[in-house]
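Residue numbers (the numbering used here): 3 to 119. Backbone N, C-alpha and C define an ideal beta-carbon position, used for all residues, glycine too.
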Amino acid sequence: IEGDPDNPINQGALCCKGNADIQIVYNERRPMRVWYRRPNGETWEQKPVEWAMERIAQRIKETRDATFVEVADGVTVNRCEGIGILGSAIINNEECYLISKFARALGVVSLEHQARI
C-alpha cells in the first residue's frame, strides 16, 4: 500500500491504519473460517468465509425484498424499512463512505454511525 506523494496534505505518508491495512490481506494468521451457530442451536461449527458471505448476501436480499417500500401515500420513496446499519468508531472515512453508499443503494433509511461519540 502506497500513499500519493503528490497529496498536499500528507505527501504520501500513511496513517497507522493505512500502514497496517496490508495485514488484512497477507497476514498468515488471518482467519479464513467463521464460527456459526444455527438458530436455536447449542453448538458452534466452523464454516468457510465464502459460505458466510453468501449467507449474509442471501439474508440481506430476502429482508430487502420483504420490506422494500416503493410508494407511500402516492409518493415514490424507494426505501427499505427492514434493515438498519450501524457503523463503527474504528473505521476510517473511506470505509464509512462505502457503508453509507451501500446502505443508500439498498434503500436503507436507518443508518447510524459512532464517529460523533
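Is residue i helix, strand or coil by DSSP?
i	result
Arg35	strand
Leu108	helix
Glu96	helix
Asn9	coil
Ala15	coil
Glu56	helix
Glu64	helix
Gly43	coil
Asn21	helix
Based on the DSSP secondary-structure assignment, which residues constitute the bridge partners of residue i?
i	result
Lys49	Val36
Cys82	Phe70, Val110
Leu88	Glu114
Val77	Ala74
Please report the Cβ distance between residue i and residue j, rounded to the nearest whole angstrom; I am assuming they are in contact, meaning their Cβ atoms lie under 8 angstroms.
i	j	result
Leu113	Arg66	At roughly 14 angstroms, the Cβ-Cβ gap does not stay under 8 angstroms, so Leu113 and Arg66 are not in contact.
Val71	Arg81	5 angstroms
Does the Cβ-Cβ distance between residue i and residue j come in under 9 angstroms?
i	j	result
Tyr38	Glu47	yes
Asp23	Gly14	no
Val36	Ala54	yes
Relative to the C-alpha of residue i, which residue among the options is closest?
i	options	result
Ile85	Ala91, Arg61, Asp23	Arg61
Ile87	Phe70, Gly20, His115, Glu72	His115
Pro50	Ile58, Glu44, Gly43	Ile58
Ala91	Ile11, Glu64, Lys19	Lys19
Cys17	Val110, Ile93, Ala105	Ile93
Glu83	Gly76, Asn95, Arg106	Arg106
Step through the CB atoms of chain C and report whether any lies within less than 9 angstroms of the CB of residue i.
i	result
Gly89	This model lacks chain C altogether, as it is built from one protein chain only.
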